[in-house]
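Take the sequence shown: its letter number 23 is residue 23 in the numbering used here, and every next letter is one higher.
Note that CB positions come from ideal geometry on N, CA and C, so glycine has one too.
Fair warning: this is a prediction, and the values are worked out from it, not measured in the lab.
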Amino acid sequence: MPQVNSVVAIHDTHIQAEQAVRNLQKSGFDMKKLSTVGFDIRASLQ
């Protein structure tokens, strides 16, 4: 059975989540292996 690694991060704001994704991209993380989930984006943009 192949080994699967997972990491979960929770951010308080949409801006913090975007910065985390940018940091992963800059460090060479394969963006095809990244998933994001969000809720109530309108509240986090205020």
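Secondary structure of residue i, DSSP reduced to three states
{"i": "Leu34", "result": "coil"}
{"i": "Gln3", "result": "coil"}
{"i": "Ala17", "result": "helix"}
Contact under 8 Å by Cβ, residue i with residue j
{"i": "His14", "j": "Ala20", "result": "no"}
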